[in-house]
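Engineer: So the protein sequences, as listed, match chains A and B. When the letters of the first sequence are read in order and numbered with our numbering, they come out as residues 1032 to 1333. When the letters of the second sequence are read in order and numbered with our numbering, they come out as residues -19 to 208.
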Amino acid sequence: MSQQRQPIYDSSSRNSLARDLLKRDHMRVSRCLALLSAALSTACLTATPFADDLDVQGNVNARAVERIQAEPPTPDFKFVAIGDTHDAYDETEVAVEAINRRDDIRFVLHAGDLTDLSLNVEFERIHRILRELDVPYIAVIGNHDAIATGPELYQNLYGQRDFSFRFGKLKFIVFNSNALEFPGEAPDEQWLRAQHTDLQAGERAIWLTHQDVTAPDGANAAEAKALYAELLQQNPVPLVVHGHLEEYELQRYQTSTVLQCGTFQKVFTYTVVSVFNYGERLEFEKCVEDECVPVTPEEAVL
Amino acid sequence: MRRGTGCVATLLAALALSVSASAEPLQRQAQDDTATSGDRGQTYLLPPESDDDDSRDRDRLGWYVPDFAKVQTGGLRGRFTAGLGYAAFDDVLNVCLLYGYSPNEVGDSGVNTLSLEISARPFEIRADSLRVVPLEVGVGGLYAIGQEFEVTYPDRYSSGYYPPTAVHALAYLGLEVDWVPRGGFFERIGLYYQASTIDTYLEDLIRNSETASITESFASTIGYRAAF
């Protein structure tokens, strides 16, 4: 073998033979590359962090409503409100485990900002933690869930941005209030008004939204604030649950109670809301892990 | 509401350019050395006979000609990605600009990305015509092209309301196995593997020791690199 190779390299045709050898090796390398590409799954060869597809099952909110309504409603029940979990995955998991240790919670409401940058990985991670809840959870879109491809990702995972569902004589109205991210679209005044016109005699409503209804953002902030105030004044809405702002607050506003869940990254707090007679009376417990203390709404200084 | 951290892509781009500029005299010197040892002024299609030449980057085609080309898949830089780069300090330092395309990843269309990387490849193991680069450490910036992704935000947002969604800092660790032909156009051809991450993934990993996993925080790249 070596006797054959020696003359090749010594001959004048060294360059053309080298090219042939190179070509042959190129083909070998190409074959190896094809095999390697086929062998490795696409999951580990993640193409882009900007994608709007998801690796988890969608329709989370619709499936949660189905689960909630599968069991007969009771006038007295408890639910948990939480918000702005962002990238606090460890702390959210601790809260999920604490909620699962209780046996008196019917469902969980998330007030939005499930993510920081609306990346698909962020949506997947928070959902993988929240789906470990023993009870269904419903999430409204937050402003951080609505940048880049966030609106598509939210829709793919959770469904419609505005929707409502009934639990006995209580109607939960879940709506997008992120006016900066959806200028001219949010809040959808017509839809929101129709939801209240639709209220039956003796029914009450609870709002779940992301922005502070007492001080909304956006170019149409004044109009939005007036709309919210009017709807709260004219309809039996005993509770508004929202997120967006850092601090935890529970305050009276119009004839309602407004629960500002607080940025979970900072306050690590979830709230247990006890509902009596479909919202005739409400009680609140502010909880960190298994420690819960009763809280009462303060009169808002607006 | 949370204010995110900024990206360092601009800084990295400036660093990459300065490294490229500082490498220039060295490469010119190498070119001059090659020319004086062989026939001055001759353009080589193949390298001159030099069995004792252990240099990793001979820079035969001129300092301004890119030193290597890459094609790769995965690693957050695109499903189909190609790039050109320069090697400096005898291939210890690389700078590479890559374009990536990921079809059907955003809506019904794809997403186009650009990435600029600078990497250090301080070690090599050589066995005959096989060369292994056991460690490559790279940092860079990743930029998504498309109206969905923002570098700056409209005036309705206050300054710094969100970090840019179009730009991410990038980091990776790699391994490369090269075949070094004894002649021909290419100095080396080989396969590489990289584990890549971006700022957001890394922040999440550091912040969430219980729930975040390394495998979720890094994405694999498989690539083919030809140096010339």
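Where is the CB? At the ideal position from N, CA and C, for every residue including glycine.
1. Return the bridge partner residues of Gln1186 of chain A from the DSSP annotation.
2. Within its chain, find whatever has a CB closer than 6 Å to the CB of Leu219 of chain B; leave out the 5 residues flanking it on each side and keep chain order.
3. Thr1300 of chain A to Val1326 of chain A, Cα distance in whole Å?
4. Return helix, strand or coil for Asn1092 of chain A, following the three-state DSSP convention.
5. Rounded to whole angstroms, what is the Cα-Cα separation between Gln1282 of chain A and Asp1321 of chain A?
6. Who are the near neighbours of Pro1337 of chain A in its chain, counting only those whose CB is closer than 6 Å to its CB and skipping five residues on each side?
7. Quick check: the region 83 to 90 of chain B against the region 1072 to 1088 of chain A, are at least 3 beta-carbon pairs closer than 8 Å?
8. Can you name the residues of chain E whose CB is closer than 7 Å to the CB of Cys1292 of chain A?
9. If contact is defined by three or more beta carbon pairs under 8 Å, each pair taking one atom from either stretch, is the region 1219 to 1239 of chain A in contact with the region 1179 to 1189 of chain A?
10. Measuring only between beta-carbons, confirm whether Met(-19) of chain B sits less than 8 Å from chain A.
11. Verify whether the separation of the beta carbon atoms of Ser200 of chain B and Cys1075 of chain A is less than 8 Å.
12. Quick one: using the 10 Å Cβ neighbour count with 16 as the cut-off for buried, is Ala1257 of chain A buried or exposed?
13. When the distance is taken between beta carbons, is His1117 of chain A closer than 8 Å to Ser1149 of chain A?
14. Using the beta-carbon of each residue, which ones in chain B are nearer than 9 Å to Asp1121 of chain A?
15. Which residues of chain B have a Cβ atom closer than 7 Å to the Cβ of Val1025 of chain A, listed in chain order?
16. Measuring CB to CB, does Val160 of chain B end up less than 8 Å from Ser109 of chain B?
17. Mark Pro1247 of chain A as exposed unless 16 or more other C-beta atoms lie within 10 angstroms of its C-beta, in which case mark it buried.
18. Output yes if chain A places a C-beta closer than 8 Å to the C-beta of Val119 of chain B; else output no.
19. If you count every other CB in all the chains shown that lies within 10 Å of the CB of Phe166 of chain B, and 16 or more means buried, which is it?
20. For the beta strand (DSSP E) that contains Lys1317 of chain A, what are its first and last residues?
21. Hey, would you say Phe1196 of chain A sits closer than 8 Å to Phe1206 of chain A, going by beta carbons?
22. By the criterion of Cβ-Cβ separation under 7 Å, what are the contact partners of Val1244 of chain A in chain B?
23. Using a C-beta to C-beta distance shorter than 8 Å, which residues of chain A count as neighbours of Val160 of chain B?
24. On the criterion of 16 or more Cβ atoms from any shown chain inside 10 Å, does Pro1214 of chain A qualify as buried, or is it exposed?
25. Using a Cβ distance threshold of 8 Å, determine whether the region 1291 to 1311 of chain A contacts the region 1105 to 1120 of chain A, with at least three qualifying pairs required.
26. So what's Leu25 of chain B in DSSP terms, helix, strand or just coil?
27. Just the C-alpha distance for Glu1122 of chain A and Gln1291 of chain A, rounded to the nearest angstrom, thanks.
28. If I follow the unbroken beta strand (DSSP E) through Phe1194 of chain A, where does it start and stop?
29. In the DSSP output, which residue or residues are listed as bridge partners for Val1141 of chain A?
30. For Gly63 of chain B, decide whether its Cβ has a neighbour in chain A, counting only Cβ atoms nearer than 8 Å.
31. With His1227 of chain A as the anchor, note down where its alpha helix (DSSP H) starts and where it stops.
32. Residues in its own chain within less than 6 Å of Tyr1259 of chain A by CB, not counting five upstream and five downstream?
33. Just how far apart, CA to CA, sit Ile1178 of chain A and Glu183 of chain B?
Structural biologist: Quick look at the numbers:
1. Answer by DSSP bridge pairing: none, since Gln1186 of chain A is not bridged.
2. Since the displayed chain B opens at -19 and closes at 208, residue 219 of chain B lies outside it and no answer follows.
3. 12 Å
4. helix
5. 24 Å
6. Chain A is shown from 1032 up to 1333; residue 1337 of chain A falls before or after that span and cannot be answered.
7. yes
8. You won't find chain E in this structure, because its protein chains are A and B.
9. no
10. At Met(-19) of chain B the pLDDT is 39, less than 50, meaning the model places this residue with poor confidence and gives no usable figure here.
11. yes
12. exposed
13. no
14. Arg187, Asn188, Ser189, Glu190, Thr191, Ala192
15. This structure does not reach residue 1025 of chain A, given that chain A is present from 1032 up to 1333, and the question cannot be answered.
16. yes
17. buried
18. no
19. buried
20. 1312 to 1319
21. no
22. Those do not exist, as Val1244 of chain A stays about 16 Å from chain B at its closest Cβ, beyond 7 Å.
23. Within 8 Å Cβ-Cβ: nothing; Val160 of chain B doesn't reach chain A, min ~11 Å.
24. exposed
25. yes
26. For Leu25 of chain B, the predicted model reports a pLDDT of 42, less than 50, meaning its position is unreliable and no value from the coordinates is stated.
27. 18 Å
28. 1194 to 1198
29. A quick correction: the sequence has His, not Val, at residue 1141 of chain A. Per DSSP, A:Ile1113, A:Ala1170.
30. no
31. 1220 to 1228
32. Val1244
33. 19 Å
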